[in-house]
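Number 32 in my numbering belongs to position 30 of the sequence shown; there are no gaps in the numbering.
A short worksheet on the structure shown next.
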Amino acid sequence: LVVPPSLPVKTLAEFVAYAKANKGKLSYGSSGPGTLTHLAMEQLKVAADLDMVHAAYRGIGPAITDILGGQTQALFPGLAAALPHIKAGKMRPLAVTGTKRHPLLPDTPTFEELGYKGFDGVQWYGIVGPANMPPAIVATLNKAINDALADPALRERLSSEALEPMPMTPVQFGQYMRDDIAKWSKVAKERNIVLAD
3 LVVPPSLPVK TLAEFVAYAK ANKGKLSYGS SGPGTLTHLA MEQLKVAADL DMVHAAYRGI
63 GPAITDILGG QTQALFPGLA AALPHIKAGK MRPLAVTGTK RHPLLPDTPT FEELGYKGFD
123 GVQWYGIVGP ANMPPAIVAT LNKAINDALA DPALRERLSS EALEPMPMTP VQFGQYMRDD
183 IAKWSKVAKE RNIVLAD
């Protein structure tokens with residue numbers, strides 16, 4: 003969760019108090035309806051009982067442009083997209099999702115540390131193939147991908163881009179996707195978020 007430096011808050015608690023004092027007056031950007039950047043803020047709105055206006059953009063770039071310009075007051079960007087702006091002092095991080103602090107932002111606490119349970123959603127990327135791919139091919143590809151992810155040079159390169167490898171078996175990755183879809187589908191249903199045609 004990031005805010006522009008112009009917002010008079012330095013912690014998540016201060017942000018929550020400020021948003022409650024300005025009920026319905028603050029807006030937050032997202033990279034579009036139903037994206038993680040949208041659903042994570044909706045999760046926070048429920049957890050902290052906040053009333054904020056959603057500004058949906060067509061991608062993270064325009065959402066970042068408007069938070070940098072002060073048109074919106076909060077954003078849940080992926081760390082890779084936000085990091086250059088955080089380092090430049092143009093965005094202030096208040097908390098990170100995930101189960102532990104991110105090594106690139108060691109001074110920024112997790113939501114869990116700050117008393118907000120269940121904020122473990124992270125932006126992730128995975129590799130999938132067509133349905134009914136022969137198991138031997140799946141196993142061969144999975145081993146090659148996980149071997150590549152174990153390479154220290156690649157891990158260091160990914161880490162510098164705020165990406166943390168999470169090697170899994172095909173069964174583990176399938177379960178990870180199902181669990182993630184179920185979690186965010188629940189948030190979307192609870193918040194009555196639907197995607198228009």
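Think of the CB as a built atom: it goes at the ideal place given N, C-alpha and C, for glycine as much as any other residue.
As the structure is a prediction and not an experimental result, all values here were calculated from the model.
The DSSP-derived three-state label of PRO95 is strand. Taking the Cα positions, VAL130 is about 11 Å away from ILE147.
With respect to the 9 Å criterion, THR171 and ASN144 are classified as neighbours on the basis of their beta carbons. With 16 or more other CB atoms across the displayed protein chains lying within 10 angstroms of its CB, GLY31 is buried.
By the criterion of a C-beta distance shorter than 6 Å, LYS25 is surrounded in its chain by ASP53, once the five residues flanking it on both sides are discounted. Excluding sequence positions up to five before and after VAL18, its CB lies within less than 6 Å of the CB of ALA50, all in the same chain and listed in chain order. Going by beta carbons, ALA65 and THR74 fall inside the 9 Å limit.
The C-beta of LEU28 has 16 or more other C-beta atoms within 10 Å across all chains shown, which makes the residue buried. Going by beta carbons, PHE78 and HIS40 fall inside the 9 Å limit. At a cut-off of 4 residues, the continuous stretches assigned as alpha helix (DSSP H) that sit fully inside the stretch 3–76 are 14–23, 38–50 and 62–70.
Secondary structure note for GLU158: its alpha helix (DSSP H) is the uninterrupted segment 154–162. Membership of LEU143 in the alpha helix (DSSP H) is indicated by the continuous run 137–151.
Judged by DSSP secondary structure, GLN174 falls within the alpha helix (DSSP H) whose first and last residues are 172–192.
Only exposed fits GLU158, as fewer than 16 other CB atoms lie within 10 angstroms of its CB. Rounded to the nearest angstrom, the gap between the Cα atoms of GLY176 and PRO136 is 16 Å.
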